[in-house]
């Protein structure tokens, strides 16, 4: 991979990045309370949303309100609210649809199920599942999870959206629930803590940072560890993990992202963050 552009606009650390399904728009959300939409073809800013009143923007996810893949998104803030924005077509700006008080604490993670039009949110140690209507209004569905004080780090839809998987940091637990009706299907425990985690597109593999040595790869849903991706850790922080086909990208605390081949486990490249080329307008 080669560096093509550096996007410079936020005044504080960027918490999450989301690419539209067609790869034309990138959303960035940061501690400064701003969410920015970027045109990846031109490299320039499309729109800037000021959410400072709600605190840092922690999570964001593209959603489909029935008009297309890159026309709506939801994001979660430090005050526990979920904000939904949409636009009519790719030539118009995103406009506000709804704001929902979802959690007592920041919204850690968001997932979207296109099969049933549902959103799952993790925050404050709890999970909520929401039914999304065409107007961008969130309707709460029944969820009942025992709050034992552990940090719920991420939530993922699986089995065509009929189930959700919860990953807990300190307890090492992975729980699977049926969404409707809500019921526990299975519970398993990993040998390490679970930081940021993702399910592969085919829902056959779970990747999770272990907060010790790097990222572990598991068969899903059996959760048998297949491979570990280890690298030097200077400051132990929860780093983002992402996949692109058979490639795995892991954030680092030293100014580099690590690019691996998941079929061989081989390190392909160290991606350095620089400011050689920038776009700020």
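Numbering (the UniProt record's numbering), first residue to last: 1 to 281.
The C-beta atom is built at its ideal place from N, Cα and C for all residues, glycine as well.
Give every residue of the same chain whose Cβ lies closer than 6 Å to the Cβ of residue i, excluding the five residues on either side of it in the sequence, and list them in chain order.
i	result
residue 11	32
Within 10 Å of its beta-carbon, does residue i have 16 or more other beta-carbons around it, so buried, or fewer, so exposed?
i	result
residue 140	exposed
residue 184	exposed
residue 178	exposed
residue 1	exposed
residue 83	buried
residue 191	exposed
residue 237	exposed
residue 94	buried
residue 3	exposed
Ignore the nearest five residues each way along the sequence and tell me which others in residue i's own chain have a CB closer than 8 Å to its CB.
i	result
residue 187	173, 174, 175 and 176
residue 262	205, 217, 227, 243, 246, 247 and 248
residue 197	153, 154, 156, 167, 206, 207, 208, 209 and 241
Residue i by DSSP, collapsed to three states: which one?
i	result
residue 54	helix
residue 170	coil
residue 108	strand
residue 60	strand
residue 247	strand
residue 163	strand
residue 211	coil
residue 188	strand
residue 86	strand
Hey, could you find the ends of the beta strand (DSSP E) residue i is sitting in?
i	result
residue 14	14-19
residue 34	34-39
residue 123	118-123
residue 25	25-30
Excluding sequence positions up to five away, which residues of its chain have a Cβ less than 7 Å from the Cβ of residue i?
i	result
residue 125	147, 149, 150, 151 and 152
Are the stretch 201-217 and the stretch 115-128 touching, with three or more C-beta to C-beta distances below 8 Å?
no
Just checking, does the stretch 99-109 make contact with the stretch 38-49 on the three C-beta pairs under 8 Å criterion?
no
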